[in-house]
Every structure is written in structure tokens, then in C-alpha cells.
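Before any comments, here is the structure.
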């Protein structure tokens, strides 16, 4: 280890991101060598022996056949979505969280994408599904799935986040010992492909007084939301594909509305009807559950954007730093519903000093952005923080700054800085900084 | 015989109308390649371009949607009463329906949960609630009450008719949906138990949540319109 090459970036061991490459530091020296750690023998060279003894079982037998649809390794079975305990599946209002601390890069596997279902998941026969567009249009039209598949499509990489993500930290008086998944796993990143909605609205034509669109799903509860037409004309799409395959039932098969950067609830799954209007409908979710209660008791409606936010996913809640005074790569995710991430700063001393983290490419608008920074932990108790800034200059607030705007029980659109407490024994725990 | 997959890409006859847009919204090289491909394909049948370059080929495969079809599906009720059906129901009738079909999820008096609270201005984490700690532990996503937050009574009718009861959505008659709406308004002191609700009288209700409402829409409109 050539310590002379380590360049400090901020207090308490944050290092310049090039430190790893330049110094050649080993992350750890204590990891197990497993099967390859067998003592060197001379068996390989003896005339009456095979080389088998040197190798693990899986190098001495033919592998198994593959399957039609691949699954993760049997050794990764613990990487699963987490059902929020407060929303039992039996109630059909279910909230499944993505294991974001297990993810690298900016794409969440489709099967691990978070999902919130207000009335269960319908199994829709695509041959019987129709998308209707009517209301303040010149020509009311319907589109079957087969026709929609013939349209030119675009593909985009975006995050999707539930308005209620990280609600626990917004309202819980004391920090709960939860993982990144449990706290902030109602957020995922995917490549979505489909038809820009403006293509279809061009086809129907729009009346001069058209201002809103009521989007409705074909689920049991006919989930519906009112969305400003200008946003839908800007960058919304009827999404048919997610991560290279047709959208899964829990994401809206055969099609969903995708509204980049805006709260998940507007991204209506199982989309079957778009009613163009001059007024919002004040649907169930925009009447209560997805509103913000301001500090003076007023109810703020139609706050659609998911604001600039970040969190360190490694190390994060319920994890353990295995080696005292070891080198670790801090890694996390940042995103903003307003555009691209411009900067993520990390603090390893509870906010006294900050260093800019390295942003991994691609840095895309309204997409997850991966950040990393090397850290040498000195083994003492500390708090890790990350703070994101987007291209509009919006800065992630502290928890206190966020809570100052809202009533104590308002929980939507929380984007406060996530603090992880590091204990001397290496235990990482959610804290309030 | 081999079953052939029905091709779902563009065929020449499907490019029946071509709309040329001066501004390409998608600038990725992938999409340009796709456009070029479409352009070359289009040349085989109908060559359409302006100023020497077709930037956008518009497919138009939508089928006309008839008035009858629209009426069958347009179930959204607006605050001004648009789409409210005929029919009527009394709060007293609603009470019976409620006990049979709703109380098991919303609680006997609309405040117990576990599903969304329907009544009361105490909302979510009421400090007067003797079971507050238990509720937060057991049901931290109990919803903010209808009586406290919802700005329009039309939404109650809309949601009951489209989504309730949870195990059999869309099964209630219009009269029953009016009766249940009336009962929820009665729970919130907005109607007498003897009152009847119909598409006229529902518009006379002023929900407590309306006066407290403020919209963030103006801010977001300005942001969206930025170049």
C-alpha cells in the first residue's frame, strides 16, 4: 500500500476518486479464497494422477442445461422485493420495495421493480384490450394492442418513484432501523419503450380548450388520475416494453402511461382510457392520499414532480462494515424529476466537510445516476451523508428543512438527505443526521 | 405447417398519412436510424417529404370510437357534475349497505380502518386516538380521512361506483352509490340521516377540504413551458 498516493477529498477519510487506481490499494486482504485456497500439491505432475483434485466440483462435471427464461443464481435468492408490512397482500393494496442496495448501475431488473397496486394486478388479455382517447378531441379514436405495436417507438431510461417513498423518515419521530430497500425502495430505474403520447394526440386532434387528461387503468379499481395536457404532450409515452421485454403484469401489461419525473401514481398501469378535458377530475388519489399537507394546514394538490434526491446504497441500513480501518467504495443513487443530476456531494463526518462524488455515466435526465467515492474508514463512529444537486440548481434539503415546509404528518414527496450512522462495530443504521 | 408470427412492424399500406414535422423531438442516433429506415421503406410506396427530407412519418391506425362506446366507458365524475347519472339514495339506506359491504374494511364508523378512514377531521395520526400508537405500528399507511381532505363530494360517488366494494368493484347500482355517498357525508356532518342525494343535490355539498386546498399546478406549468 503506497499511502503517499492517497489524495484526501474531505474529512474523515473521503478520498479522491482516483486514489484506488493510483495507489493500487487493496479493498480487503481477508476475503476467502474458497476452493482455490487448497494447498498446492504435486498431484498434477504425478504420472498416475489426474488434475481433478485441484478443482472445485463445478469444474469437473458438465453443467446443466439452460431454460427458456433465465433466473438469477440460486445463491442470490435473498435479493427479493420486500412487501411493506403495513400493506398486507391480503388487502390487495400492496406495496413492494426494490432491493436498491443490491443494485449496481442504473437499471433495476424488471422482476425487482417496485410496485404499488391499489386493487391487485389484473391479467389482461392483450387481444381484448383497447386504448380509447376521447373528450376534447377532433376525432375520438381507439387503438388495439396490435395496432399500437406498429407505431414508431422511442426508448428512454428513467427512474420511477412513488410519491410516498421514504415516508417513514418523513413522519417517524425517531429513526427506524430499516434498510435502504425498506426506507427508499419505492423507486426503480428502467428502460421504457413505447409510443410518445403526442403521436396519438396528433392523430385524434385536440380542441382549443383542452387542458387536462384523465388517464384511467383497466384494473378492478379503474385507477385514474388527472394530468396536465402540456406534460403529456412534452415527454409522456404509452409504454409497451420495459428493459427489452413487454411490460410485466405488475407494471401494467399490456401498456402503461409513463410520465417521466412525475410521481409514480400518475404513471397509470393497464392504461385503457384517456379523456381529454378542460378541468381535473379530483380523483380519489388527488383528493387525499397523494396530496401534501403544508405546515399551515393547507392541502397542496397537483404537486407532481419527484424532487432531487439521493442516497448511499452501500454502505446502508442493516449492513455491516466487515473490516475496521478498511477501504470501502461508497456508492449510491441520485435522481431528479426536473432533469439531470449535476453533482452529488458525500460527507463522512456528519456534514462538517463534503467532497464531490464521481458520477458514473450515462448521466441522463430524470434517470437514476450512480455515484461513487472511495473512503478509508478509521474505525470510529461517524455519519455518512449524500446531497444531490440537479441541473436546475435544486439542492436536496436536510430532513429538518424538508419538514419545515409540511405538517408533521405529511409524508409525500420526501427528499431529505439520508443519513447512515456507522457504529464502531461496523453496524450501519438509519439515523437523522 | 409452421405458425407464422404476425408481423407488427410498419407495412407500406399502414403509412397512409404522413405528417411532416419540422422539429424532430428525438435526437438519438438510434431513432435517426429508425427514421431513415422508415423513410426508405416509405419511398417504395409513397414518397413524402418536405424540403428534401422527411423527418417524421406518422402512422394513423386509430379506429373511430363511437358515441355509444364512449358512453359505456366514461365513468369519470367531475366536480361540476359532468357524467353524474340519474338516480338517488338516502343516507339511511346507505347505512345498511355500509354495514353489509364496507364496514369490514373501513370499520364500523368509518374511522377504525384498516382501509382508508372515511370520517373525522383527525386524519392520520390523531393524538386524541387512544389507539394511536397501535395504529401507527399496525397500519402506518392509514389514509387521511375523506371528511378531512377531499374537496368535492362528486369524488366519493365516482370512487364508490368505479372501485368499491374492494372485493367486487363496479357491482353497486347508481342508487346504491348515491346512498353510500350520502351516508359518508352524514358521517362527516355534511348531511342529515334523512337526507337524499341525487345529481343536483350532490353539487350543493361543500366539503371541508375544499377551503384548505391550494394547487401546485401553476408552478409546474411554468416549469414545463421553459424551453
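Chains as they are written, first to last, in our numbering: chain A, 2 to 434; chain B, 149 to 375. Yeah, the Cβ is synthetic: ideal placement off N, Cα and C, and Gly gets one too.
Find the residues of chain B that neighbour residue i, judging by a C-beta separation of less than 8 Å, and give them in chain order.
i, result
"residue 280 of chain A", "226, 227, 228"
"residue 205 of chain A", "210"
"residue 404 of chain A", "Chain B residues near residue 404 of chain A: none, gap ~14 Å exceeds 8 Å."
"residue 225 of chain A", "224, 310"
"residue 144 of chain A", "209, 210, 211"
Please report how far the alpha carbon of residue i lies from the alpha carbon of residue j, in whole angstroms.
i, j, result
"residue 1 of chain A", "residue 160 of chain A", "The structure shown does not extend to residue 1 of chain A, since chain A is modelled only from 2 through 434, so no value can be given for it."
"residue 359 of chain B", "residue 299 of chain B", "8 Å"
"residue 310 of chain A", "residue 397 of chain A", "6 Å"
"residue 280 of chain A", "residue 200 of chain A", "22 Å"
"residue 363 of chain B", "residue 301 of chain A", "5 Å"
"residue 321 of chain A", "residue 167 of chain A", "21 Å"
"residue 172 of chain A", "residue 207 of chain B", "49 Å"
"residue 183 of chain A", "residue 165 of chain A", "12 Å"
"residue 70 of chain A", "residue 117 of chain A", "25 Å"
"residue 387 of chain A", "residue 426 of chain A", "22 Å"
"residue 169 of chain A", "residue 304 of chain A", "20 Å"
"residue 327 of chain A", "residue 385 of chain A", "15 Å"
"residue 236 of chain A", "residue 213 of chain A", "15 Å"
"residue 53 of chain A", "residue 68 of chain A", "28 Å"
"residue 217 of chain A", "residue 278 of chain A", "13 Å"
"residue 221 of chain B", "residue 245 of chain B", "25 Å"
"residue 214 of chain B", "residue 226 of chain B", "22 Å"
"residue 333 of chain A", "residue 342 of chain A", "13 Å"
"residue 353 of chain B", "residue 333 of chain B", "9 Å"
"residue 223 of chain B", "residue 389 of chain A", "42 Å"
"residue 210 of chain A", "residue 347 of chain A", "48 Å"
"residue 1 of chain A", "residue 189 of chain A", "Outside the displayed span of chain A (2 to 434) sits residue 1 of chain A, for which this structure offers no information."
"residue 372 of chain A", "residue 351 of chain B", "52 Å"
"residue 377 of chain A", "residue 10 of chain A", "11 Å"
"residue 298 of chain A", "residue 408 of chain A", "7 Å"
Grab the span of the beta strand (DSSP E) containing residue i for me, first residue to last.
i, result
"residue 294 of chain B", "Note, residue 294 of chain B: premise wrong, no beta strand (DSSP E); alpha helix (DSSP H) at 294–297."
"residue 145 of chain A", "142–145"
"residue 229 of chain A", "225–229"
"residue 429 of chain A", "429–432"
"residue 356 of chain B", "Segment 356–359 is the alpha helix (DSSP H) holding residue 356 of chain B; no beta strand (DSSP E) there."
"residue 134 of chain A", "131–136"
"residue 435 of chain A", "Residue coverage of chain A in this structure runs from 2 to 434, which leaves residue 435 of chain A outside it and unanswerable."
"residue 312 of chain A", "310–315"
"residue 117 of chain A", "116–118"
Between residue i and residue j, how many whole angstroms is the CB-CB distance? I'm expecting something under 8 Å.
i, j, result
"residue 232 of chain B", "residue 302 of chain B", "7 Å"
"residue 351 of chain A", "residue 400 of chain A", "Between residue 400 of chain A and residue 351 of chain A the Cβ distance is about 13 Å, and since that is not below 8 Å, they are no contact."
"residue 421 of chain A", "residue 313 of chain A", "6 Å"
"residue 282 of chain A", "residue 223 of chain A", "12 Å between Cβ atoms; not a contact."
"residue 296 of chain A", "residue 416 of chain A", "Not confirmed; about 16 Å, so no contact."
"residue 336 of chain B", "residue 267 of chain B", "5 Å"
"residue 194 of chain A", "residue 155 of chain A", "7 Å"
"residue 327 of chain B", "residue 238 of chain B", "6 Å"
Using the beta-carbon of each residue, which ones in chain A are nearer than 9 Å to residue i?
i, result
"residue 364 of chain B", "293, 301, 302, 303, 304, 305, 306"
With respect to the alpha helix (DSSP H) encompassing residue i, which residues constitute its N-terminal and C-terminal limits?
i, result
"residue 259 of chain A", "No alpha helix (DSSP H) contains residue 259 of chain A, which is instead part of the beta strand (DSSP E) from 257–259."
"residue 306 of chain B", "301–311"
"residue 333 of chain B", "322–335"
"residue 97 of chain A", "Not the alpha helix (DSSP H): residue 97 of chain A falls in the beta strand (DSSP E), residues 95–98."
"residue 123 of chain A", "No alpha helix (DSSP H) holds residue 123 of chain A; DSSP gives it neither H nor E."
"residue 245 of chain B", "239–249"
"residue 184 of chain A", "181–185"
"residue 1 of chain A", "The structure shown does not extend to residue 1 of chain A, since chain A spans only 2 to 434, so no value can be given for it."
"residue 403 of chain A", "400–405"
"residue 107 of chain A", "Unbroken run through residue 107 of chain A: none, as it is neither H nor E."
Can you list the residues of chain A that residue i reaches, using a CB-CB cut of under 8 Å?
i, result
"residue 266 of chain B", "The contacting residues do not exist; residue 266 of chain B stays about 10 Å from chain A at best."
"residue 300 of chain B", "283, 288"
"residue 218 of chain B", "133, 135, 141"
Name, please, each residue of chain B whose Cβ falls closer than 7 Å to the Cβ of residue i.
i, result
"residue 133 of chain A", "213, 221"
"residue 208 of chain A", "Here the premise fails: no neighbours, minimum Cβ distance about 15 Å."
"residue 274 of chain A", "221"
"residue 215 of chain A", "224"
"residue 148 of chain A", "209"
So with CB distances below 7 Å, who are the chain A contacts of residue i?
i, result
"residue 297 of chain B", "288, 289, 292, 300"
"residue 317 of chain B", "120, 221, 222"
"residue 360 of chain B", "298, 299, 300"
"residue 307 of chain B", "285"
At a cut-off of 7 Å, would you count residue i as near the ligand ZN, judging by its Cβ distance to the nearest heavy atom?
i, result
"residue 179 of chain A", "Annotation note on the ligand ZN: not contained in the displayed structure, which lists no ligands."
Take every Cβ of the region 384–400 of chain A, pair it with every Cβ of the region 281–294 of chain A, and state whether three or more of those distances are shorter than 8 Å.
By the Cβ test, the region 384–400 of chain A is not in contact with the region 281–294 of chain A, since fewer than three Cβ pairs between them sit closer than 8 Å.
Three-pair Cβ contact test at 8 Å for the region 308–319 of chain B versus the region 245–254 of chain B:
yes
Does the structure place the region 244–259 of chain A close enough to the region 268–277 of chain A that three or more beta carbon pairs sit under 8 Å?
yes
Taking contact to mean 3 or more Cβ pairs, one atom from each stretch, closer than 8 Å, check whether the region 127–142 of chain A and the region 101–113 of chain A are in contact.
no
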